[in-house]
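Working notes, beginning with the structure itself.
Numbering (our numbering), first residue to last: 76 to 230.
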């Protein structure tokens, strides 16, 4: 009986520890990401405006880093506030090529220019829609807001 209890205890500990890790490995490689946006001075119509998006395919300043294929930033619907900002890599995860990008539209989606996979970007997850060839979500980046500034970094 004690052996069964010990085995059960070990299995429970192993399961608990393994469920805490995020083992998802994106097909998009980890590239440096560091982009700061001043919403008031540079992008006043973007602030708190749902379904509006910004695309960065080249750095603005020398110290900016824009990931593998570029950065897509969208004002979407958040859980912690009315509006929330989300950022994704522009590279389609199905194609995994920095030159093959998704193109955002005005209904909160981004569509791959090659495979036509469509991703929901307004909710913050970047998940492919049912009709998509891709089964992997867009690579997400962390967005921190301090006043009128957004800081986009790797997670």
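Positions of the beta carbon are idealized from the N, C-alpha and C atoms, including for glycine.
Can you list, in chain order, the residues of its chain whose CB lies under 7 angstroms from that of residue 129, leaving out five sequence neighbours each side?
Cβ neighbours of residue 129 within its own chain (closer than 7 angstroms, five residues either side excluded): 118, 121 and 148.
DSSP three-state label for residue 191, please.
coil
Among 197, 182 and 104, whose alpha-carbon lies nearest the alpha-carbon of residue 157?
197
At a cut of 8 angstroms, does the stretch 132-141 reach the stretch 201-211 through at least three beta carbon pairs?
In short, these stretches do not touch, since the Cβ pair count stays below three.
Cα-Cα separation, residue 218 to residue 203:
21 angstroms
Best match in 180, 110 and 199 for proximity to residue 191 [C-alpha to C-alpha]:
180
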